[in-house]
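Just remember that the numbering used here sits 6 ahead of the position in the sequence shown, which is counted from 1.
Okay, so here's the structure we're looking at.
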Amino acid sequence: MLPSKPRSDLVQLCILTAPSFNLAATTAFVDPFRVANYLYGRRYAWAFQSVGGGMLQASNTAELKTSPFDPAGQAPDFLVVSTSWTPEALAQPRLLATLRRWYRAGTRLVTIDTGAFVLGSAGLLTRGRVTVHPEHRQSLGELYPAIDVLDERWVDDPLVLSCAGGSGAFDCALSVIASDLGDRARDRVSDYLLIPGGRPKASSDDDPAGSIKPRIGGAASAAGLIEQAEQIMRAHIEEPVSVPAIADTLGVYQRALERAFRAAGMGTPLGHFLDLRLGRAQELLTQTTLPMLEVALACGFGSAANFSRVFKRRFGLTPTRHRQRGKVAFELRFLSEGED
Numbered sequence: 007m008l009p010s011k012p013r014s015d016l017v018q019l020c021i022l023t024a025p026s027f028n029l030a031a032t033t034a035f036v037d038p039f040r041v042a043n044y045l046y047g048r049r050y051a052w053a054f055q056s057v058g059g060g061m062l063q064a065s066n067t068a069e070l071k072t073s074p075f076d077p078a079g080q081a082p083d084f085l086v087v088s089t090s091w092t093p094e095a096l097a098q099p100r101l102l103a104t105l106r107r108w109y110r111a112g113t114r115l116v117t118i119d120t121g122a123f124v125l126g127s128a129g130l131l132t133r134g135r136v137t138v139h140p141e142h143r144q145s146l147g148e149l150y151p152a153i154d155v156l157d158e159r160w161v162d163d164p165l166v167l168s169c170a171g172g173s174g175a176f177d178c179a180l181s182v183i184a185s186d187l188g189d190r191a192r193d194r195v196s197d198y199l200l201i202p203g204g205r206p207k208a209s210s211d212d213d214p215a216g217s218i219k220p221r222i223g224g225a226a227s228a229a230g231l232i233e234q235a236e237q238i239m240r241a242h243i244e245e246p247v248s249v250p251a252i253a254d255t256l257g258v259y260q261r262a263l264e265r266a267f268r269a270a271g272m273g274t275p276l277g278h279f280l281d282l283r284l285g286r287a288q289e290l291l292t293q294t295t296l297p298m299l300e301v302a303l304a305c306g307f308g309s310a311a312n313f314s315r316v317f318k319r320r321f322g323l324t325p326t327r328h329r330q331r332g333k334v335a336f337e338l339r340f341l342s343e344g345e346d
């Protein structure tokens, strides 16, 4: 066991949270440091903070005791921004100014779940690579086009160490421990927690969805054919391709592709493609403040008017109304959805 560090030399982690944060992902990030302290002597210290302090309710209704975030406080070694449903709760001028000041002072930035949106609000997402919860990847990319939003559990970039949540939070913390104490320490902590951690998810850059490689003779099964077709659709939401073009890319007849979709109860490929585009539109409407025309263009519609007509025909309400409903607080949405 290594000797414990004096209190003044401890690696300080500020865990900044917001209402309805993801408790599982947050504690998954912190727990490896607890184990490292147990195995190697006290080397890490952390504090859970929020705007105003006090008891903070997580998305699973559990409560966490937090101390007030101090904008005038000393810069920690790590600032961990953990948000889920309400990243906008941290978009306060003094707080964002503190994030910028700490970053300039050398604080290592870490984000969990939707925490990257907070860094974006602070003007810090100007380059590099980042990840975010899968439900919000498209929205983050639309808001901050200068960055690469990756389909990975966690991403180690010089600007920010980010994780999408879940098991990625463990891997994120283990990478910090490996950098500080070495790979052996990382493995010991991982083994203690019974987690095969430290393995980043393969990057989407290794197999871009827009360059599908069909199996020999076409897809080996109807399910495989549908999966590959959907990958192409998702890669072309902004600039839709025709169903014949998708079939041609996969090396099958259009009729075979249509039969596969019908047999799976998914309607037609064209209808499914439209559903994917409208689903993306729903995300952008509720997760961003992009103008209606930009949402329309990002989802493959040539005009806001056409987008509005198609959206209302599919969901029974206009995009504007959908955005208004989506701004209702998460807790209230959850309660109202449970009522008849």
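Ideal Cβ placement from N, Cα and C applies to all residues, glycine included.
Here the structure is a predicted model, which is why all the values come from computation and not from measurement.
* Looking at the structure shown, is R114 part of a helix, part of a strand, or coil, going by DSSP? -> Strand.
* To do: Check each candidate in T324, A184, M239 and V87 and name the one with the smallest Cα separation from G171.
  => Minimum Cα distance to G171 is reached at V87.
* Helix, strand or coil: how does DSSP classify P25 here? -> Looking at P25 - three-state DSSP - the assignment turns out to be coil, as it is neither helix nor strand.
* **For Y50: DSSP bridge partner residues** => V17.
* Asked: What are the complete alpha helix (DSSP H) segments, minimum 4 residues, inside the segment 142–204?
  -> List check, alpha helix (DSSP H) in window: 143–149, 173–187 and 189–198.
* Just reading off the beta strand (DSSP E) that L85 is part of, what are its end residues? -> L85 -> beta strand (DSSP E) spans F84 to T89.
* Euclidean distance between Cα positions of D213 and I238 -> A caution first: D213 carries a pLDDT of 42, below 50, which makes its placement in the model unreliable, though a value can still be read off. Each residue's alpha carbon lies about 12 Å from the other.
* Tell whether a beta-carbon distance below 8 Å holds between A31 and A175. => Contact flag set, yes.
* If Y198 sits next to V41, beta carbons under 8 Å apart, how far is it from one beta carbon to the other, in whole angstroms? -> Their Cβ separation, rounded to whole angstroms, is 5 Å, which keeps Y198 and V41 in contact under 8 Å.
* Asked: What residue does the beta strand (DSSP E) around M61 start on, and which one ends it?
  -> Membership of M61 in the beta strand (DSSP E) is indicated by the continuous run G60 to Q63.
* Is the segment 271–278 close to the segment 227–244, with three or more CB pairs under 8 Å? -> In short, these stretches touch, since the Cβ pair count reaches three.
* State buried or exposed for S309, treating a residue as buried only when at least 16 other CB atoms are found within 10 Å of its CB. => S309 counts as exposed, since fewer than 16 other C-beta atoms from the protein chains shown sit within 10 angstroms of its C-beta.
* Relative to the C-alpha of D119, which residue among A191, F27, A235 and Y259 is closest? -> Out of A191, F27, A235 and Y259, F27 has the C-alpha closest to the C-alpha of D119.
* **Opening and closing residue of the alpha helix (DSSP H) in which P250 lies** => Run containing P250: V249 to L256, per the alpha helix (DSSP H) assignment.
* Asked: Secondary structure at D37, three-state DSSP: helix, strand or coil?
  -> Per DSSP, reduced to three states, the secondary structure at D37 is helical.
* Quick one: what does DSSP say Q55 is sitting in, helix, strand or coil? -> Q55 falls in the strand class under three-state DSSP.
* **Burial state of R192 (16 or more Cβ within 10 Å)** => Counting C-beta atoms within 10 angstroms of its own C-beta, R192 has 16 or more neighbours from the protein chains shown and is therefore classed as buried.
* Have a look at L296 and E148 and give me their C-alpha separation to the nearest angstrom. => Here the alpha carbon of L296 sits roughly 8 Å from the alpha carbon of E148.
* To do: Would you tell me roughly how many angstroms separate the C-alpha atoms of T255 and F39, rounded to the nearest one?
  => T255 and F39 have their C-alpha atoms some 48 Å from each other.
* **Span of the beta strand (DSSP E), counted from its first residue to its last, around E69** => Counting along the chain, the beta strand (DSSP E) containing E69 begins and ends at E69 to P74.
* Asked: With DSSP run on the structure shown, which of helix, strand or coil describes R107?
  -> Helix at R107.
* So what's R135 in DSSP terms, helix, strand or just coil? -> The answer is strand: DSSP assigns R135 an E or B state.
* To do: Report yes or no: do the segment 264–273 and the segment 108–119 share at least 3 C-beta pairs separated by less than 8 Å?
  => Touching, no, given that fewer than three Cβ pairs across the two stretches are closer than 8 Å.
* To do: Decide if D76 is buried, meaning its Cβ has at least 16 other Cβ atoms within 10 Å, or exposed.
  => Under a 10 Å Cβ-count criterion, D76 is classified as exposed, with fewer than 16 other Cβ atoms of the shown protein chains found around its own Cβ.
* **G306 CB to nearest heavy atom of the ligand ATP below 7 Å** => In the structure shown, the ligand ATP is absent, as is every other ligand, since no ligand is present at all.
* Measuring alpha carbon to alpha carbon, tell me which of D177, Y109 and Q293 ends up nearest P82. => Of the listed residues, the one whose Cα sits closest to P82 is Y109.
* Asked: Which residues mark the beginning and the end of the alpha helix (DSSP H) in which A262 is found?
  -> Per DSSP, the continuous alpha helix (DSSP H) segment holding A262 begins and ends at Q260 to A269.
* On a CA-only basis, which of I183, A184, D177 and P140 is nearest I201? Give me that one, please. => Comparing alpha-carbon positions, the option among I183, A184, D177 and P140 lying closest to I201 turns out to be D177.
* Continuous alpha helix (DSSP H) stretch holding L276: start and end -> Start and end: P275 to Q293.
* **Local conformation of C305 per DSSP, three classes** => Three-state result, C305: coil.
* Can you list, in chain order, the residues of its chain whose CB lies under 7 Å from that of Q288, leaving out five sequence neighbours each side? -> Excluding the 5 residues flanking it on each side, Q288 has same chain C-beta neighbours closer than 7 Å at H328, in chain order.
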